[in-house]
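Student: Before anything else, here's the structure in question.
In our numbering, the protein residues as written are -16 to 72.
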């Protein structure tokens, strides 16, 4: 079967005008500000080989305080987990 983060209650899809999300002023805002509220764009452009998912600019994931570090580093959630969390487990 498929896998979805939505059942966790930590993911939300922000969709307007079908899937032309990147052309909206909402996307322009949240792509630069979502991390301030604990959210990241979960499946970023050009990182499909890491996340296993196509680019989904509408799919936000709540990660809390680490969102700022993930956003500023340019890492995916997977890369962040492997390099910053897993070594200390």
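From the three backbone atoms N, C-alpha and C, an ideal C-beta is built for every residue, glycine too.
Given the structure is predicted, the values throughout are model-derived calculations rather than measurements.
For residue -11, count the other beta carbons within 10 Å of its own beta carbon; 16 or more makes it buried, fewer makes it exposed. Which is it?
Tutor: exposed
Student: What residues in its chain sit with their C-beta under 7 Å from that of residue 28, if we drop five residues either side in the sequence?
Tutor: 38
Student: How far does the beta strand (DSSP E) with residue 71 in it extend, from its first residue to its last?
Tutor: Premise fails: residue 71 is in no beta strand (DSSP E) and is neither H nor E.
Student: With a threshold of 8 Å on Cβ separation, who are the neighbours of residue 23 within its own chain once the five nearest residues in sequence on each side are excluded?
Tutor: The beta carbon of residue 23 sits closer than 8 Å to those of 17, 43, 44, 46, 50, 53, 54, 60, all from its chain and outside the five residues before and after it, given in chain order.
Student: Using a 10 Å radius around the Cβ and a threshold of 16 neighbouring Cβ atoms, would you call residue 4 buried or exposed?
Tutor: buried
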